[in-house]
DNA sequence: GGGAAGTAGCTTACTCGTAAGCTACTTTTC
DNA sequence: GAAAAGTAGCTTACGAGTAAGCTACTTCCC
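Following this line, the structure appears as C-alpha cells:
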C-alpha cells in the first residue's frame, strides 16, 4: 500500500558518481527517487537528477507560497509580475504591453489577459501611445503603486524567511553564486 | 526602445545586504532586476530575490529543454513523469492511479488525462485491481518500458551536459548539498 | 511617394491543469 | 449486518497559458 518502495538506507556508494546523501544530511524525497533509479538503472548519473529535481521542487514550493502571499492582496503571481515590472522600471511606472510581455517571457495573448484583469481591478491604466498609434502605454495607478509596494515587501519577507531559516549568509551567497553560473549555461 | 533600463554597472555596494555580483562574475538578467529594485526600493533584500529568481529561471529553462528531449519520443514532460515513476518502482512496473497522482502531486483528474493519453499511445495498460474492485492497476507495456528507458537516458544526458558545462564535480556536489538544505526548509 | 515588409495589440481555438461533484465500492462502527 | 463514513477513479466546469491569425499602423526602400 506504500506509495513507493522506500529505500531504507541511501546506500553509501550506490551510483557511479560520488557523494550523494552526505553522512550527516537527512535524506529527502529526492534522495528516495535517486536511490530508486540507482537500484533499477545503476548506469544513470544521480547528481544532475538530484540537482534539477531539487530546483524544480523548490521552484514549485516557493511558487505556491508566493501565490498565497499575493492572494492576500487579491492578485495572482502572474499579475504581480506585471505590476512589479512596472514598479521597478521607476517613474512614471509606464511600459508598453510589448515590453512587458518580452520581459516576462509571455505571449502577447497572455499579456492581454493579465492587463485586462489588472485594469479592471483599477491597478493600472491603458492609454494610447502618443508617438505610435499602434501602441499602448500601460501605467500603474496610485492604487496599483501602493499595492505593489505592499505585496513585494510581503513576498520578499516570505522568501527571506525560508532562505535564512535554511542557510546562513555565507551559504546563501555561495548558493547564489553557483546558481548564477548554472543559469549562465542555459 | 529598450525593453528595460539596463543598469550599466552592477554598483559595487548597492544593497544593504552584501556581495551580489562578485567582482569576476558576469552580470545576468537577474542581476539587472535586483539592481533595478535596489535603485527604486533600496530597503529590499536582494539576496533572496536573486536566489529564487535564478531557481525559477533555471527550472523553466531546463523544463523547456526537457520538453524538447521528450518530444523526440512523442511524449510530454507530464507523460514522461508518469512512465518514469512506473519504471523506477521496479518490476512489475505497476502502480495504482492514486499512487501515481500522490507521487506526482497531481489531482486525480489530471492523472486520468495523462493515463488516457499514455494508454492510447500503447505505453501503458489499465487493468482492474484483483483485491479491490474500486481500484485499478496501471502497468507499463513492453513498448512503454523501452520508451522510458530511452527517454530517461536522453533527458539525463541533457541535464548532465548543462550541469557539467557550468560546474565542476565539487561545485555540483556543493550545489546539491545547499539545495537539499533549502528544500528541507520548504 | 507608394508598395512591401515589419510591428503592436487583440481574438480565437486549443491544451492541460485544478476543484468539485459523481458513482461505485470498501471499511468502520454500533 | 446495516448504516455511516471513507476511498478510488472519472466527469464536468473553469482558469490561464500558447500558437496562429487578424486589423491597424509604421518603417523601409526603391
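Chains as they are written, first to last, in UniProt numbering: chain C, 1 to 186; chain H, 1 to 186.
We treat Cβ as the ideally placed atom computed from N, Cα and C, and that holds for glycine.
These figures come from a predicted structure and were not determined experimentally.
query: Beta bridge counterpart(s) of residue 128/H as assigned by DSSP; result: 136/H
query: Under 7 angstroms by beta carbon: chain C residues contacting residue 160/H; result: 45 and 48
query: Under 7 angstroms between C-beta atoms of residue 190/C and residue 111/C; result: Chain C is shown from 1 up to 186; residue 190/C falls before or after that span and cannot be answered.
query: For residue 108/H, three-class secondary structure by DSSP; result: helix
query: Listed by chain order, chain C residues near residue 181/H by CB distance under 8 angstroms; result: 25, 166, 167 and 171
query: Residue 88/H, enclosing alpha helix (DSSP H) - first and last residue; result: 77 to 88
query: Test: residue 176/C CB closer than 7 angstroms to a CB of chain H; result: yes
query: Helix, strand or coil at residue 94/C [DSSP, three-state]; result: strand
query: Coarse secondary structure for residue 153/C, derived from DSSP in three states; result: helix
query: Buried or exposed by the 16-neighbour rule on C-beta atoms within 10 Å, applied to residue 26/C; result: exposed
query: Chain C contacts from the stretch 57 to 82 of chain H (Cβ-Cβ distance under 7 angstroms); result: 57, 58, 59, 61 and 62
query: Opening and closing residue of the alpha helix (DSSP H) in which residue 48/H lies; result: 47 to 71
query: Backbone CA spacing between residue 38/C and residue 130/H [nearest angstrom]; result: 30 angstroms
query: Neighbour-count burial assignment, residue 91/H, 16 or more Cβ in a 10 Å radius; result: exposed
query: Chain H contact for residue 156/C (CB, 7 angstroms cutoff); result: yes
query: Rounded C-alpha distance that separates residue 180/C from residue 53/H; result: 10 angstroms
query: Segment contact flag, the stretch 60 to 69 of chain H with the stretch 65 to 82 of chain C, C-beta cutoff 8 angstroms, min 3 pairs; result: no
query: Candidates 140/C, 174/C, 166/C and 89/C: closest to residue 115/C by CA position; result: 140/C
query: Pair within 7 angstroms by beta-carbon distance, residue 242/C and residue 160/H; result: Residue 242/C cannot be examined here, being either before or after the span of chain C that is shown, 1 to 186.
query: Under the three-state DSSP convention, the category residue 177/C falls into; result: helix
query: Contacts that residue 138/C makes with chain H (C-beta to C-beta distance below 7 angstroms); result: Under the 7 angstroms cutoff, chain H gives no residues; its nearest Cβ is about 14 angstroms from residue 138/C.
query: Closer than 9 angstroms at the beta carbon, the chain C residues around residue 39/H; result: 88 and 90
query: Of the residues 109/C, 143/C and 185/C, the one placed nearest residue 189/C, counting alpha carbons only; result: The structure shown does not extend to residue 189/C, since chain C is modelled only from 1 to 186, so the question has no answer here.
query: Coil, strand or helix - residue 43/H by DSSP; result: coil
query: Beta-carbon spacing of residue 166/H, residue 185/C below 7 angstroms; result: yes
query: Inter-residue CB distance, residue 40/H and residue 134/C (contact presumed, cutoff 8 angstroms); result: Contact flag wrong, Cβ pair sits at about 29 angstroms.
query: Alpha-carbon to alpha-carbon, residue 162/H and residue 82/C; result: 30 angstroms
query: Rounded C-alpha distance that separates residue 106/H from residue 158/C; result: 25 angstroms
query: Cutoff 8 angstroms; reference residue 117/H; Cβ partners in own chain excluding five residues on either side; result: 79
query: Exposed unless 16 or more other CB atoms sit within 10 angstroms - verdict on residue 48/C; result: buried
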